[in-house]
Amino acid sequence: MTLPHLASIFVTLLSGVAVMFLRLRASNRPTTMRKIIIPPIGMSTGFLMFAVPITRVPWTWALIAFAVGAVLFAYPLIRTSKLERVGDDIILKRSKMFIFILLGLLIIRLLVHDLVEQSVSIPQTGGLFFILAFGMIVVWRVAMLQAFLKLKKRG
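So in the working numbering the end of the sequence shown lands on 180, straight run, no missing numbers.
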């Protein structure tokens, strides 16, 4: 293993742990439509990476990466995230399995990352995994938004 490869694994693990910590900290706090919508909007700015030619991938690869994130990776997050009304607030309640799901997704990502990196360049691999993560986040947040609006409507 080369130093850049080890550094990539370390940064991925560190980022994953940071995300898990933030997700757990946000549990059981009132949520709003804004808190649900902003993360995918903020993340969408990452598509600017494709302005640099070295990161570009064929459209079919991008669609497959998005579909994998949207179908395979979003499903466990949707299943372990429930919104509940508590008084006037809507609270995001996570299952006790949520942390294990996130950890499992991180491990799968690391394993698949090495396989993909053998076939495409490192910048393209980063682009594909960004698209995969975006697909996961968008579908998860759309499901949360639907549940939020349903609870809000019941008032």
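In this text, a Cβ means the ideal position worked out from N, Cα and C, and glycines have one as well.
Between the alpha carbons of L136 and D113 lies a distance of about 43 Å. For I116, the uninterrupted beta strand (DSSP E) segment begins and ends at 114-119. About 25 Å separates the Cβ atoms of P78 and I162, ruling out a contact at the 8 Å cut-off.
Measuring C-alpha to C-alpha distances from I61 to each of F91, R110, A168, L176 identifies A168 as the nearest. Here S106 is buried. Its C-beta has 16 or more other C-beta atoms within 10 Å. Given a length threshold of 3 residues, the segment 80-107 has no whole run of the beta strand (DSSP E) inside it. Pairing G67 with V36, the inter-Cα distance amounts to about 21 Å. In this structure the segment 144-161 touches the segment 76-91; the number of beta carbon pairs closer than 8 Å is three or more.
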